[in-house]
Structure formats: C-alpha cells, structure tokens
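Adding 52 to a residue's 1-based position in the sequence shown gives its number in the working numbering.
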Amino acid sequence: MNSLRHLIPYLRPYRTRIVWGCIAAVFSTALYALAPWVMKLAIDDLRSGITSAKLAEYAGIIIGLSLVGGIFRYYMRMLLIGMSRYVEQDLRATVFSHLQTQTTQYFTKHRTGDLMARMTNDLDSVRNVLGPGFMYPIDTSLTAIFSLILMIWISPKLTLLTLVITPLVSYSVYKLGKLTHKLQTDIQEQYSKLSDQAQENLSGARVVRAYSQEEQERGKFDVLNQEFVKRNIAMTKVQALFFPLMGFFFEVGTALILLIGGYGIIQNELSLGDFVAFVGYLGMLAWPMIAVGWVANLLQRGAASMKRIQELLDAEPDIASPPSGDIASERIGEIKFEDVSFAYGEREPMLKNITLTIAPGQTVAFVGATGCGKTTLINLIPRMLDPTRGKVFVDGIPTTEWDIDELRLRVAMVPQDAFLFSETIFNNLIFGKPEASRDEAMASARVSRIDKDVENFADSYETLVGERGVTLSGGQKGRLALARALVRDPLILILDDALAAVDTHTEEEILQGLKKFMQNRSSILISHRVSTVRDADCIYVMENGEIIERGTHAELVALDGYYADMERRQRLEEELELTE
Numbered sequence: 053m054n055s056l057r058h059l060i061p062y063l064r065p066y067r068t069r070i071v072w073g074c075i076a077a078v079f080s081t082a083l084y085a086l087a088p089w090v091m092k093l094a095i096d097d098l099r100s101g102i103t104s105a106k107l108a109e110y111a112g113i114i115i116g117l118s119l120v121g122g123i124f125r126y127y128m129r130m131l132l133i134g135m136s137r138y139v140e141q142d143l144r145a146t147v148f149s150h151l152q153t154q155t156t157q158y159f160t161k162h163r164t165g166d167l168m169a170r171m172t173n174d175l176d177s178v179r180n181v182l183g184p185g186f187m188y189p190i191d192t193s194l195t196a197i198f199s200l201i202l203m204i205w206i207s208p209k210l211t212l213l214t215l216v217i218t219p220l221v222s223y224s225v226y227k228l229g230k231l232t233h234k235l236q237t238d239i240q241e242q243y244s245k246l247s248d249q250a251q252e253n254l255s256g257a258r259v260v261r262a263y264s265q266e267e268q269e270r271g272k273f274d275v276l277n278q279e280f281v282k283r284n285i286a287m288t289k290v291q292a293l294f295f296p297l298m299g300f301f302f303e304v305g306t307a308l309i310l311l312i313g314g315y316g317i318i319q320n321e322l323s324l325g326d327f328v329a330f331v332g333y334l335g336m337l338a339w340p341m342i343a344v345g346w347v348a349n350l351l352q353r354g355a356a357s358m359k360r361i362q363e364l365l366d367a368e369p370d371i372a373s374p375p376s377g378d379i380a381s382e383r384i385g386e387i388k389f390e391d392v393s394f395a396y397g398e399r400e401p402m403l404k405n406i407t408l409t410i411a412p413g414q415t416v417a418f419v420g421a422t423g424c425g426k427t428t429l430i431n432l433i434p435r436m437l438d439p440t441r442g443k444v445f446v447d448g449i450p451t452t453e454w455d456i457d458e459l460r461l462r463v464a465m466v467p468q469d470a471f472l473f474s475e476t477i478f479n480n481l482i483f484g485k486p487e488a489s490r491d492e493a494m495a496s497a498r499v500s501r502i503d504k505d506v507e508n509f510a511d512s513y514e515t516l517v518g519e520r521g522v523t524l525s526g527g528q529k530g531r532l533a534l535a536r537a538l539v540r541d542p543l544i545l546i547l548d549d550a551l552a553a554v555d556t557h558t559e560e561e562i563l564q565g566l567k568k569f570m571q572n573r574s575s576i577l578i579s580h581r582v583s584t585v586r587d588a589d590c591i592y593v594m595e596n597g598e599i600i601e602r603g604t605h606a607e608l609v610a611l612d613g614y615y616a617d618m619e620r621r622q623r624l625e626e627e628l629e630l631t632e
C-alpha cells in the first residue's frame, strides 16, 4: 500500500475540487440520514393519531430530502470521480513523457507489450483508487458516522449489539485484502505477458504467415490466455467469498436487532417508530460494511498497479543532458573520436581504442563484416550511447557535455531498418521538422528519388503508409526515411546501410544528389557495397571493433588487404550477374 503515497503530488492541483466534493458528500449523506428519522416521527404520530395533511407533509419532506440529497450526490460524484480522470490523464502524460527520456537500450530490455500494459491496465486500476477508491471511503464513513450517531440516540444498547460483529468484519477484510494484493500482482504480470505475445505476433504477422506458424502462435497465445483466466478466476473466487460473508454478518446483526428490539417494543422501552428508524439506519450501515471490502480490493489492486507504474518512473535514463548543457558557437560539423572503446555491460568490447577525425564537409565511410562495430560507432555521435572509455567530440565539445536536443538537431541518422509512422507520406517527411513547408519536403523527396513514386500514388503526399510503412516496398521505405532526414537540414548526415534495399542505378542517382545537398556538411556512410562508398574522402575498414585499414578507395585497393578482397568479390558477383 506504500506505493499509493506516490499519488499525493498528483492530487495537489485538484485540492479545491476535492474539498468541494467532500462538502457535497457531507450534505448528501446528512440529508439521506434524516429520512429514517422523519419516518420514525411519522410512524409514532400515526399511533397517536394524525391528519392526512400531516401525513402528506411527512411524505413531502422525505421526497424533498431525497431530491436535494440526490443533487448533492451528483456533484459529489462529478467532482471526485472527475478528479480521478484528470489525475489519470496527468499520470499517463508523466509516464509517457518519462519513457521519451529513456535510451534505446532501455527498450531492448523492456518488452513493448509490458510497457503498454502498465500504461493502460495498470493506470486504469490506479484511476479506480483515485475515483471510487477515494470517494466511497468518504461517503461510507460519513454514512456510518451519521447512522451510528442517530442509532445511539435511539438505543445505545441496540447500537452496541450491532457493533459486536465489527471485529469479525475487520479481520475478514484484512485477510482477504492481503490475498487480493498478491493475486492482483500475479494478474497484472500475466496481462503484460499476454500483451507482449499479442503485440509481437501482430508486428511480425508477415513472418508468421511466411513460415506457416499460425497454429503454433495460437498455441502460445492460448497457453498465456488460459493462465491469465486461471489467475482471474482465483481473484473471482476471493471476491465471490467476500460478499456472502459480509451479507452473513449483516443478517446476523439484523436477527439480533429483531430479537432484542422486538423485546424492547413489547416492554415499551422502544416505540415502533424508533425500531423502524433503527432498522433503517442499520440498512444504511450495511453498505459501509460491504463497501469496506470492495474498497479494500480496489486499494490492493491499485497499490499493485501503482508499484508497477512507479518502477517505470524510478528508472533513470542512462543518458541525459548535463544540468547546463553546452551548445557550440560554430556549426561546422567536425567529429573526433579520441581513444574510444565501448562495451555492452560486461560483454566483450564492441569498439577498441578508436581514434579518428572527420573534418567539416568531409564524406567518410565505414565498411566491415556484420557485427564489427560500425553501427555502435556511429551511435556514439548523436549520443544514443556513451563510450565506455575515451571521448567523442562534435564541434569541439564532448558529446557528454552537449545539450542532447541541440546535439541531435545537428545530426540526422537513417538506419537500414527504416521505421515509418502510420501517417501520411507528408507527415512522415516532416516528422523531424514539423514546421517544414511542403516545398522543403518535396525538395528532399527529389534528392532521395522517392518523388516519382509518390506522384504515382492516388493521394500523392497524402497517401497513408500503414503501420511501419507496410504499404511501401523496402526501397521506398528507405528512400522516404532518407528524405525525412534531409528535411531537417542536418549538419551531419549518417546513412547506416540505408540504401541496401535500393538498386545500384537508383543508389548512384541518390548519391549524386546527396553530393550537392551535403556540400559543406559532414556525411558518414555505412555499407556493404563498394559502389556506395568508393567516392568517400576516407574509408575506414573495421574488424572486431578495431580500424584495420583507412584511406581512399584507390589507396585501399592498392593496399591489397580486406577492402581490396571485398572489392574483387563484389566485382566478380556483378560480372556473373551480367553473364546470366
């Protein structure tokens, strides 16, 4: 339950709303509590003789109390339940905003389905704590207080008798509450696994169908789904036990009141009106007794969910801007690596003692086998990763001292696996620069050679690309991602095998267009194709996290090493393709 204390800061902005909601609850409960008392007066007057007009007056008073009490109850619910919706909105925004500060490494450790479950199902449980879980304790406490005061007024002896069952109720609520908390934690964890499986299956729908794994995927989902139902059934059993148990305690109390109260009427210790009013207040007291367990269940569920949400909020980002991040006075695009090494956790280093300089306006390329460290190296530039040892400088300032937003505004990266949003082509183009004009977007599309394809679409730049760009080919997605990067007008452009899905003729056209676009800017190319990198000012050959060769295309071919061997193999492959 300690996890719920984290909600206090979220309640502060709504203090006025909470106060007025509580005031409405007081008036509502007080008015409802007067109704049995009016009934008592009416019944006692009936025994002593009463006119029809007086009886109608009592009936009118009861109707009036109910009407005005209902109005106050309406505002109580609007104010307090409404408050829970606003807090839910604030908390959801806080969680989402916090996730935006996390690095890509965080998302490789945490599955998307689990994060989504925490932002939806868990948040809903927390909202129930702030809404019904907050309102009903106030409402039921006031009901219990008013009822007990008037019950004591009528008969202290009968009231004491009613309270005999209270310890039994409290003990039952305590035991069932502990069990509910454990079961709710298990349910939320299983829901995360179920969400993970569904999200992964839907994202990989093409692969599932290509490998005819539909039945196997159904089987995996069914196992998780059955376990989810099993855990919910366990919770249902606990909840199903609670209400009959509370009902039994209440009926025992009612039976005792009937026995003792009836005897009091016979002995003229109580009037019939007193007895009817007392039973009425006992009925009002039943709801607080039952609500105790229901609210306890909500609180336990909410506490378990808030703990899971707080785990997200407590996770500090691996990379963040320093308190007063620097901004270079000059925009020249110079990049330096000084004795840089990097390792993922305790694993073998991916980069070892890298030292190099990329001059402003220079185009450099990195080649090497898969897993040699090329992508890791370029991820250090926009500070997606921090070096384990050494420093990376951009325009003379270490990346760790830069304001991250300012640093990343200077750098545009285009990965091989281009991610597109389920938006129009135009909205995807301006994603990194929302204020960009249509002319800017179209100019970038021309450089990446995606413009002709777009113009052939029925809706042109307003064409929806589908989730992750599913309606586009691999080459189209790559070119659209390149155009998106160019719209930002970057000082440093990084292409991480971004043209792998493009044919060599189109690739050549794109590279020629980029030469003009990137004049006086720094460009970094990563590719397995010699044709992509041959015109670079300097080519770095990497192997096992180290630079083993460097130079121009001609120099590396003359060196007759790794690069020359790669060039010969690719030239032979091209010749074989031409003879087929």
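Using N, Cα and C, we set each Cβ at its ideal position, and we do this for glycine too.
Exercise. With contact counted as at least three CB pairs below 8 Å, one residue from each stretch, are the segment 140-155 and the segment 210-221 in contact?
Worked result: no
Exercise. Taking the alpha-carbon positions, what's the residue 499 to residue 561 distance?
Worked result: 9 Å
For this session: Tell whether a beta-carbon distance below 8 Å holds between residue 325 and residue 93.
Result: yes
For this session: Report the three-state DSSP secondary structure of residue 509 (helix, strand or coil).
Result: coil
For this session: Kindly indicate which three-state DSSP category residue 590 falls into: helix, strand or coil?
Result: strand
Exercise. In angstroms, rounded to a whole number, what distance separates the CA positions of residue 354 and residue 136?
Worked result: Taking the straight line joining both Cα atoms gives about 13 Å.
For this session: Assess, as a yes-or-no matter, whether the segment 117-127 is touched by the segment 76-89 under the definition of 3 or more beta carbon pairs within less than 8 Å.
Result: yes
For this session: Spell out a yes or no on whether the segment 476-491 and the segment 442-450 are touching, meaning 3 or more CB-CB pairs, one atom from each, closer than 8 Å.
Result: No: fewer than three Cβ pairs fall under 8 Å.
Exercise. Does DSSP classify residue 471 as helix, strand or coil?
Worked result: coil
Exercise. Curious, which full-length alpha helix (DSSP H) runs of at least 4 residues does the segment 241-323 contain?
Worked result: 257-262, 266-318
Exercise. Distance, Cα to Cα, residue 432 vs residue 566?
Worked result: 23 Å
Problem set entry | Proximity winner among 114, 63, 125, 371, relative to residue 75 (alpha-carbon distances) | 125
For this session: Measure the alpha-carbon distance for residue 467 versus residue 551 and round it to whole angstroms.
Result: 9 Å
Problem set entry | Complete alpha helix (DSSP H) runs within the segment 396-457 (minimum length 4 residues, chain order) | 426-431
For this session: Grab the span of the alpha helix (DSSP H) containing residue 391 for me, first residue to last.
Result: Annotation for residue 391: no alpha helix (DSSP H) segment contains it, though the beta strand (DSSP E) segment containing it runs 387-394.
Problem set entry | Residues that residue 602 bridges to, as DSSP identifies them | 592
Exercise. In the DSSP assignment, what residue or residues form a beta bridge with residue 482?
Worked result: According to DSSP, residue 482 bridges with nothing at all.
Problem set entry | Beta-carbon proximity of residue 597 to residue 402, cut-off 8 Å | yes
Exercise. Alpha carbon to alpha carbon, what distance is there between residue 496 and residue 134?
Worked result: 47 Å
Exercise. Helix, strand or coil: how does DSSP classify residue 570 here?
Worked result: coil
Exercise. Does DSSP put residue 516 in a helix, a strand or coil?
Worked result: strand
Exercise. For the beta strand (DSSP E) that residue 464 lies in, which residues bound it at each end?
Worked result: 463-466
Problem set entry | residue 547 - containing alpha helix (DSSP H), residue span | Counting along the chain, residue 547 falls outside any alpha helix (DSSP H), though it belongs to the beta strand (DSSP E) covering 544-548.
For this session: Would you list the residues sitting across from residue 576 in a DSSP beta bridge?
Result: 416, 546
Exercise. To the nearest whole angstrom, what separates the beta carbons of residue 338 and residue 302, a pair I think is in contact under 8 Å?
Worked result: 5 Å
For this session: Measure how close the beta-carbons of residue 234 and residue 249 come, nearest whole angstrom, since I'm counting them as under 8 Å.
Result: So it is not a contact: roughly 23 Å between Cβ atoms.
Exercise. Between residue 448 and residue 573, is the Cβ-Cβ spacing less than 8 Å?
Worked result: In this structure, residue 448 keeps its C-beta atom at 8 Å or more from the C-beta atom of residue 573.
Problem set entry | Run of the alpha helix (DSSP H) containing residue 492, from where it starts to where it stops | Residues 490-499.
Exercise. From residue 131 to residue 453, what does the alpha carbon distance come to, in whole angstroms?
Worked result: Taken atom to atom, the span from the alpha-carbon of residue 131 to that of residue 453 is near 47 Å.
For this session: Counting only runs of 3+ residues fully inside the segment 129-192, write out the beta strand (DSSP E) ranges in chain order.
Result: With a minimum length of 3 residues, no continuous beta strand (DSSP E) run stays inside the segment 129-192.
For this session: Indicate the three-state DSSP secondary structure (helix, strand or coil) for residue 476 in the structure shown.
Result: Of the three classes helix, strand and coil, the one that applies to residue 476 here is strand, per DSSP.
Problem set entry | C-beta contact flag for residue 619 and residue 582 at 8 Å | yes
Problem set entry | Opening and closing residue of the alpha helix (DSSP H) in which residue 84 lies | 67-100
Exercise. Are the CB atoms of residue 10 and residue 542 nearer to each other than 8 Å?
Worked result: Any question about residue 10 goes unanswered here, given that the chain covers just 53 to 632.
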